[in-house]
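Peer 1:
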């Protein structure tokens with residue numbers, strides 16, 4: 006029984022809570038205690054984001070193709086994580102949670118841009134949304150994680166400083182791998198590391214939103230540098246969910262093999278996520294040259310009924 010409980014995701018937790026607690030109040034209390042094992046709020050908020058786009062004609066900016074500023078406060082109000090102190094002119098990049106969702110939805114081809122005339126462009130929900138809706142919450146989570154890890158160009162988030170994330174992420178993760186859930190990595194005790202991850206910005210929060218760690222904001226540093234819309238982390242604390250997920254992600258889904266924009270940046274014309282890098286040797290028994298579904302490596306961590314399906318990858322991906 007203990008082993009199964011360690012594998013429960015939100016889908017199974019909800020079913021179990023319904024069976025064990027027919028009273029709604031007790032059921033919600035039980036779910037509140039258990040969903041810390043799975044970041045369900047990410048899925049709830051992402052679906053709210055998609056629903057808003059589905060029901061509103063949203064014009065996008067001519068420069069970057071982002072959501073026009075008049076819609077952003079309304080979307081902001083729909084989400085559990087809200088940008089504070091925004092104005093009517095605040096642009097999408099300064100709503101980090103919305104910006105994160107927008108790039109995931111674009112990268113996963115759940116939304117697309119359409120031109121109404123020569124001067125106006127809009128974003129629309131694609132038919133792929135119907136396939137997404139049929140997934141379990143666990144499968145939806147892995148669709149978002151796959152999009153982030155495989156399809157997104159991280160320079161869209163942090164500009165030319167994205168290389169500091171590619172190169173330093175393994176070093177940050179290495180300081181967490183042998184630690185228990187709840188361990189807090191304090192960056193003021195790691196001055197060299199803190200300097201090397203200076204440009205991570207909201208990437209600390211992206212990993213928090215995926216449930217891997219909790220990030221503590223360094224308000225003193227943010228005030229010191231006077232960087233508007235910039236985020237510094239004082240520390241990160243490993244979650245129990247991250248304790249299980251991070252080793253598999255780093256060891257079985259090596260970013261350099263799996264991220265398509267990075268492989269293209271390094272000269273590959275048609276990279277296949279997960280396959281060996283050009284000019285690299287394949288050791289005996291190595292399975293990296295067999296195409297795999299992204300979620301395959303994580304199947305042992307979840308109940309089989311919760312993680313069976315995935316959206317088909319599109320040709321342009």
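In the working numbering, the protein residues as written are 6 to 322.
Cβ coordinates follow ideal geometry from the N, Cα and C atoms, glycine included.
(1) Cα-Cα, which of 138, 180, 43, 95 is closest to residue 252?
(2) Flag this pair as yes or no: are the beta carbons of residue 217 and residue 250 separated by less than 9 angstroms?
(3) Give me the Cβ distance between residue 303 and residue 147, rounded to the nearest whole Å; I'm assuming they're in contact under 8 angstroms.
(4) Please name the residue, chosen from 212, 271, 296, that lies closest to residue 278 on a Cα-to-Cα basis.
(5) To which residues of the same chain is residue 112 closer than 6 angstroms at the C-beta, ignoring the five residues directly before and after it?
(6) Does the Cβ of residue 66 have 16 or more other Cβ atoms within 10 Å, making it buried, or fewer, making it exposed?
(7) Take residue 230 and list the residues in its own chain whose beta-carbon comes closer than 8 angstroms to its own, dropping the five residues that flank it on each side.
(8) Using only alpha-carbon positions, find the residue among 144, 59, 95 that is nearest to residue 308.
(9) Where do the N-terminal and C-terminal ends of the alpha helix (DSSP H) with residue 145 fall, by residue?
(10) CB residue 51 to CB residue 106, shorter than 9 angstroms?
(11) Using 8 angstroms as the cut-off, can you tell me whether the stretch 92-107 makes contact with the stretch 185-199, which would need three or more C-beta pairs spanning the two stretches below that distance?
(12) To the nearest angstrom, report how far apart residue 204 and residue 150 are at their CA atoms.
(13) Would residue 123 be called buried (16 or more neighbouring beta carbons within 10 Å of its own) or exposed?
(14) Looking only at its own chain, which residues have a Cβ that is under 7 angstroms from the Cβ of residue 121, when we skip the five neighbours before and after it?
(15) Looking at the unbroken beta strand (DSSP E) that takes in residue 93, where does it start and where does it end?
(16) Going by other Cβ atoms of all chains shown within 10 Å of its Cβ, with 16 needed for buried, is residue 272 buried or exposed?
(17) In angstroms, rounded to a whole number, what distance separates the CA positions of residue 254 and residue 169?
(18) Does the distance from the CB of residue 220 to the CB of residue 245 come in under 9 angstroms?
(19) Kindly identify the DSSP beta-bridge partner or partners of residue 117.
(20) Go ahead and pull the three-state DSSP assignment for residue 154.
(21) Determine whether the beta carbon atoms of residue 115 and residue 130 lie at a separation below 9 angstroms.
(22) From what residue to what residue does the beta strand (DSSP E) around residue 160 run?
(23) Please specify which runs of the beta strand (DSSP E), each continuous and at least 3 residues long, are wholly inside the stretch 208-274, giving them in chain order.
(24) Short check: CB of residue 142 to CB of residue 48, under 9 angstroms?
(25) Would you report the Cα separation of residue 101 and residue 224, rounded to the nearest angstrom?
(26) Please classify residue 213 as buried or exposed, where buried requires at least 16 neighbouring CB atoms within 10 angstroms.
(27) Which two residues bound the contiguous beta strand (DSSP E) that contains residue 191?
(28) CA-CA distance, residue 46 and residue 281?
(29) Please report the distance separating the alpha-carbon of residue 189 from that of residue 243.
(30) Nearest to residue 2 by alpha carbon, out of 210, 267, 140?
Peer 2: In terms of the structure at hand:
(1) Working through the chain shown from its first residue, we reach residue 252 at position 247. Closest by alpha carbon: 180.
(2) If you number the chain shown from 1, residue 217 lands on position 212. If you number the chain shown from 1, residue 250 lands on position 245. Between residue 217 and residue 250, the gap from beta carbon to beta carbon is short of 9 angstroms.
(3) Mapped onto the chain shown, residue 303 falls at position 298. Mapped onto the chain shown, residue 147 falls at position 142. Contact between residue 303 and residue 147 is confirmed by a C-beta separation of about 7 angstroms, below the 8 angstroms threshold.
(4) As a first step, residue 278 must be located in the chain shown, where it is residue number 273. Comparing C-alpha distances from residue 278 to each of 212, 271, 296 shows the shortest one belongs to 296.
(5) One-based indexing of the chain shown puts residue 112 at position 107. Excluding residues within five positions, the ones whose Cβ falls inside 6 angstroms are 152, 156, 157.
(6) Counted from its first residue, the chain shown places residue 66 at position 61. Looking at its Cβ environment, which holds fewer than 16 other Cβ atoms inside 10 Å, residue 66 is exposed.
(7) Numbered from its first residue, the chain shown carries residue 230 at position 225. Same-chain partners within the cutoff: 237.
(8) Numbered from its first residue, the chain shown carries residue 308 at position 303. For residue 308, the nearest C-alpha among the options comes from 144.
(9) Translated into positions along the chain shown, residue 145 becomes position 140. Residue 145 -> alpha helix (DSSP H) spans 142-151.
(10) If you number the chain shown from 1, residue 51 lands on position 46. If you number the chain shown from 1, residue 106 lands on position 101. In terms of Cβ geometry, residue 51 and residue 106 form a close pair [threshold 9 angstroms].
(11) no
(12) Working through the chain shown from its first residue, we reach residue 204 at position 199. Working through the chain shown from its first residue, we reach residue 150 at position 145. The straight-line gap from Cα to Cα measures roughly 22 angstroms.
(13) As a working note, residue 123 is residue 118 in the chain shown. Exposed, since its Cβ has fewer than 16 Cβ neighbours within 10 Å.
(14) Taking the first residue of the chain shown as position 1, residue 121 is located at position 116. Cβ contact annotation for residue 121 (same chain, cutoff 7 angstroms, sequence separation greater than five): 127, in chain order.
(15) Counted from its first residue, the chain shown places residue 93 at position 88. Per DSSP, residue 93 belongs to no beta strand (DSSP E) and is neither H nor E.
(16) Residue numbering aside, residue 272 sits at position 267 when the chain shown is read from its first letter. Classification for residue 272: exposed.
(17) Position 249 of the chain shown holds residue 254. Position 164 of the chain shown holds residue 169. Rounded to whole angstroms, residue 254 to residue 169 spans 19 angstroms at the Cα level.
(18) The sequence position of residue 220 within the chain shown is 215, counting from 1. The sequence position of residue 245 within the chain shown is 240, counting from 1. Their beta carbons are not under 9 angstroms apart, which means residue 220 does not touch residue 245 by this criterion.
(19) Mapped onto the chain shown, residue 117 falls at position 112. According to DSSP, residue 117 bridges with 129.
(20) Reading the chain shown from its first residue, position 149 is the one you call residue 154. Three-state DSSP puts residue 154 in a helix.
(21) Translated into the one-based positions of the chain shown, residue 115 becomes position 110. Translated into the one-based positions of the chain shown, residue 130 becomes position 125. Yes. Within cutoff.
(22) Taking the first residue of the chain shown as position 1, residue 160 is located at position 155. No beta strand (DSSP E) contains residue 160, which is instead part of the alpha helix (DSSP H) from 160-163.
(23) 218-222, 238-243
(24) What you label residue 142 is simply residue 137 of the chain shown in a count that begins at 1. What you label residue 48 is simply residue 43 of the chain shown in a count that begins at 1. Closer than 9 angstroms, so yes.
(25) Taking the chain shown and counting its residues from 1, one reaches residue 101 at position 96. Taking the chain shown and counting its residues from 1, one reaches residue 224 at position 219. Each residue's Cα considered, the two are about 17 angstroms apart.
(26) The residue you call residue 213 lines up with position 208 of the chain shown. Flag for residue 213 reads buried.
(27) Mapped onto the chain shown, residue 191 falls at position 186. Element bounds for residue 191: 189-191.
(28) As a first step, residue 46 is located in the chain shown; it is residue number 41 there, counting from the start. As a first step, residue 281 is located in the chain shown; it is residue number 276 there, counting from the start. Rounded to the nearest angstrom, the two C-alpha atoms are 35 angstroms apart.
(29) Within the chain shown, the letter at position 184 stands for residue 189. Within the chain shown, the letter at position 238 stands for residue 243. Going from the Cα of residue 189 to the Cα of residue 243 covers about 6 angstroms.
(30) Since the first residue of the chain shown is 6 and the last is 322, residue 2 is not available in this structure.
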